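Q: If you scroll down you'll find the structure; I have some questions about it.
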Amino acid sequence: MTSDATPSQRERARFGAESQKGLGGDLPQPFPRQIGPRAMEYLVEVVESGLTCDMVGRFEQAFAASHGVKHCIATPGCTPALAVLAAAFDFEPGDEVIVSSVTDFGTVQGLINAGYIPVFADTQ
């Protein structure tokens, strides 16, 4: 059986994209690694500051302003975000918090870390 496909077509069929040549090898990369000029400026600012710039604080202020609220707390993921949320509601350690039973460990880990007791509930 022979194919009339070009090498490029075969590569796209096999890997979902053509290889991005000149990026340190011929491994297929569906999304070329390109950083826009503004993102690069921000990256340089962070690196040159010795990682002490207030990039996160500026993001929080801009995000809060764009949503018409006074405060915003940026977190690196769901687990710490849920702990912050629970703290905002003034829960006490040992308080029970109702959570969905259709979830994964990360959803409740922030609550557990803060000393709260997740109570799994389901609805009909």
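As numbered in full-length UniProt numbering, residues 1 to 124 make up the sequence shown, in order. Every residue, glycine too, gets a C-beta built ideally from N, C-alpha and C. Here the structure is a predicted model, which means the values were calculated and not measured.
1) With DSSP collapsed to three states, give me the class of S66.
2) Taking the alpha helix (DSSP H) that V119 belongs to, which residues open and close that run?
3) Just the C-alpha distance for Y116 and A62, rounded to the nearest angstrom, thanks.
4) Give me, in chain order, the residues of the same chain whose beta-carbon lies closer than 6 Å to that of D95; leave out the 5 immediate sequence neighbours on both sides.
5) Mind checking which residues open and close the alpha helix (DSSP H) that includes V97?
A: On the basis of the supplied data:
1) helix
2) Note, V119: premise wrong, no alpha helix (DSSP H); beta strand (DSSP E) at 117-121.
3) Put simply, the backbone Cα of Y116 is about 31 Å away from that of A62.
4) Within the same chain, Y116 come within 6 Å of D95 by CB-CB distance, once the 5 residues on both sides are set aside.
5) Here V97 belongs to no alpha helix (DSSP H); instead the beta strand (DSSP E) covers 96-100.
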